[in-house]
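In full-length UniProt numbering, the protein residues as written are 1 to 73. Beneath this line is the structure, given in structure tokens, with notes to follow.
Shown next, in the form of structure tokens:
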């Protein structure tokens, strides 16, 4: 049984599997978890992934700043 578990673990590691950061990002986006509930070791990566998607720590879109129009013409 132990060798079967080792083989399954190796399969998922080599296959790629699902990244826990991606799981927490999806849970935050869908309101099932909060950023505070993410393990401290994963928080920086989760925050970076949310920011890359244009989302804040709460999973909601970040406010978009409108560019200022040039003046002096």
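Glycine included, C-beta positions come from ideal geometry on N, C-alpha and C.
Its Cα nearest to that of residue 62, the residue 51 stands out among 68, 47, 27, 51. If the five residues before and after residue 45 are omitted, its C-beta is found closer than 8 Å to the C-beta atoms of 21, all from its own chain and listed in chain order. For residue 27, no pairing in a beta bridge is given by DSSP.
In this chain, the alpha helix (DSSP H) harbouring residue 44 covers 43-52. The same chain holds no residue with a CB closer than 7 Å to that of residue 66 once the five nearest residues on each side in sequence are set aside. Around the Cβ of residue 64, a 10 Å sphere holds fewer than 16 other Cβ atoms; the residue is exposed. Across the structure, residue 36 and residue 26 are spaced so that their CA atoms are roughly 15 Å apart.
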